[in-house]
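Working notes, beginning with the structure itself.
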Amino acid sequence: MYRFETGGQDASHRANNHQSYDEERRQSIFIQPKSVLESLYSDIEGCQKFRNFYDVLRGGTDCSDFQPLLICEVALCRAMATIALKLLILFCAFLPFGSLLSVAQCIEPSIRREWRQFSTEEKSAWISAVKCLTTFPHTDLLAPSVDPSLSLMPPVNTSSTYYDDFVYMHMDLNIRIHSTGYFLPFHRWYVAVYEQVLKEKCNYMGVSPYWNWSIDSTDVFDSDFFKDSDPTSGLGGWGDPSKDFSVTDGAFSDFMVAYPNPHILRRNFSVQPWSYVGDLNGFNTYPETYANTTFTPDVISAMINGYVGDYVGFQADFEKSQGAHEPLFWMHHAMVDKVWYDWQNANPVNFWAFFGGATSALQNVSYADKYPNGGPPFLSINDTIPADGLFNETMIYNVMNTTGGYLCYVYE
Ligand SMILES: [Cu+2]
């Protein structure tokens, strides 16, 4: 079954329920970069040497005295007695950034484009690479981290494919990466890694497409997006109800997926997806919501230009559910990422704004209103995004900036 992964809870409803920790969020936004600096600093051997040197100059105080200097400008000013010292400290402070930049620089960011802007050849190349991933076998690197009683996942199917591993990992991590602070960073990283895998394993030369579903919101049923039945470049249409919603046209009409049992890709779209799945034990407060009214171009524009500095409110307006079997999932999440990217760039206060918890409302339904993007323990951008062993884990910090070097792309 496929349904839109995005949700559409009413923003004013959200706002009324979160004033209790608004102040905490506001404060956290500006604290994070300093803590990152601190951790970077402590990792650099050169700085350790400088600490010792500085200690000598100061007359032998211990290293802990230096730590506040880096993270507190007031102390920094007080302590830097000479210009020479200032220069040395400046040099030291830039070491961590220098080392990051030397690892990777983003000189020519790739430009992600909307699927309908792709040429027929580009569409075929992306689809071919996606299908190519299913020719690689399951990897034993995949190590589920969530208790099956919580993930509700069957055991890993060792006869499945590498593509299925990506699907499994996302579903296994469901309660860790949805309705938590990991939501936007995880999916940004997930899509970026997926693109990299397409390149490395399947020689894909293009960029990640995104699917701007807000274009289709006016008439989802009749959208041209689902009318390309070309066997190599078409995404195909909606599933056939008489065949258990299997996709019967386009390039994915023979696309086999493994979970929960092997089957041909199915698409069962509904404009009232939450009505279809029920109220999710109280988690879904608006089961009658029409999906095509939640993310119209006007709503997206309001999201991007609203929620200034309010990461939680922004994310809360976005989220629900899952469905990575579907190749459309990747371009859907690229679109979610694009909206985050646009919001980050709509106001400087938004760019590094981050706040969220590690405990999902999917685990604790009472959190749904109070902590829409996760309850305590709260995350910082130093925290590591989980990946179930499938690929290297990385800090949230590394994926906040899509042109920071660790990532290197923009949206058109
Ligand atoms: Cu997801």
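Numbering-wise (the numbering used here), the sequence shown opens with residue 1479 and increments by one. Beta carbons: idealized from backbone N, C-alpha and C, even for Gly. Predicted model only: the values in this text are computed from it and were never measured.
{"Item": "Cβ neighbours of P1775 in the same chain (closer than 6 Å, five flanking residues each side left out)", "Value": "S1692"}
{"Item": "For P1864 and R1654, believed in contact at Cβ under 8 Å, the rounded distance", "Value": "6 Å"}
{"Item": "Collapsed DSSP secondary structure at Q1526 in the structure displayed", "Value": "Residue confidence is low: Q1526 scores 33 on pLDDT, short of 50, so the model does not pin down where it sits. No coordinate-derived value is stated."}
{"Item": "Residues that DSSP places opposite E1592 in a beta bridge", "Value": "Y1688"}
{"Item": "M1809 vs Y1688 beta-carbon contact at 8 Å", "Value": "yes"}
{"Item": "Segment contact flag, the stretch 1657-1666 with the stretch 1844-1854, C-beta cutoff 8 Å, min 3 pairs", "Value": "yes"}
{"Item": "Within the stretch 1788-1834, ranges of the alpha helix (DSSP H) (whole runs, at least 4 residues)", "Value": "1789-1794, 1806-1824 and 1826-1829"}
{"Item": "Residue burial classification, K1601 (beta-carbon count within 10 angstroms, cutoff 16)", "Value": "buried"}
{"Item": "Simplified DSSP state of D1718, which is helix, strand or coil", "Value": "strand"}
{"Item": "Member of V1669, L1611, G1791 and P1587 whose CA lies at the smallest distance from the CA of G1834", "Value": "G1791"}
{"Item": "Proximity below 8 Å, CB of F1723 to CB of P1805", "Value": "no"}
{"Item": "For T1612 and S1844, the rounded distance between their alpha carbons", "Value": "39 Å"}
{"Item": "L1619, buried or exposed, once every other Cβ within 10 Å from all chains shown has been counted against 16", "Value": "exposed"}
{"Item": "Touching by the beta-carbon criterion (3+ pairs, under 8 Å), the stretch 1694-1705 and the stretch 1665-1673", "Value": "no"}
{"Item": "Within 8 Å, strictly: CB atoms of P1587 and V1888", "Value": "yes"}
{"Item": "Inter-stretch contact (C-beta, 8 Å, three-pair minimum) for the stretch 1816-1826 and the stretch 1620-1632", "Value": "no"}
{"Item": "Identity of the residue in V1877, Q1595 and V1608 nearest D1732 by Cα", "Value": "V1608"}
{"Item": "CB of D1866 within 8 Å of CB of L1651, strictly", "Value": "yes"}
{"Item": "Sequence-distant residues of the same chain with beta carbon closer than 6 Å to F1703, five excluded per side", "Value": "D1694"}
{"Item": "Beta-carbon contacts of S1520 that lie in its chain and below 7 Å, excluding the five residues immediately before and after", "Value": "Annotation note: pLDDT 34 at S1520 (below 50); position unreliable, coordinate value reported separately. Counting only Cβ-Cβ distances below 7 Å, and skipping sequence neighbours, we find nothing."}
{"Item": "Inter-residue CB distance, Y1682 and A1603 (contact presumed, cutoff 8 Å)", "Value": "6 Å"}
{"Item": "L1840 Cβ short of 7 Å to ligand 2 heavy atom set", "Value": "Ligands displayed in this structure: ligand 1; ligand 2 is not among them."}
{"Item": "Closer than 7 Å: H1656 CB and nearest ligand 1 heavy atom", "Value": "yes"}
{"Item": "When N1879, V1698 and E1890 are compared against N1746, the one with the closest alpha-carbon", "Value": "V1698"}
{"Item": "Same chain, Cβ closer than 7 Å to A1582, five either side skipped, listed in chain order", "Value": "G1883 and Y1884"}
{"Item": "Cβ-based burial, A1831 [other Cβ within 10 Å; buried from 16]", "Value": "buried"}
{"Item": "Closer than 7 Å: H1810 CB and nearest ligand 1 heavy atom", "Value": "no"}
{"Item": "Per-residue burial, R1744 [other beta carbons within 10 Å of its own, 16 or more giving buried]", "Value": "buried"}
{"Item": "Residue environment, T1636, which counts as buried when at least 16 other CB atoms sit within 10 Å", "Value": "exposed"}
{"Item": "Residue interval of the beta strand (DSSP E) (run including F1614)", "Value": "F1614 -> no beta strand (DSSP E), and no H or E assigned at all."}
{"Item": "Contacts around S1711, its chain only, beta-carbon distance under 6 Å, and the 5 residues preceding and following it disregarded", "Value": "T1598, K1601 and S1602"}
{"Item": "Whole-angstrom distance between S1686 and K1705, CA atom to CA atom", "Value": "21 Å"}
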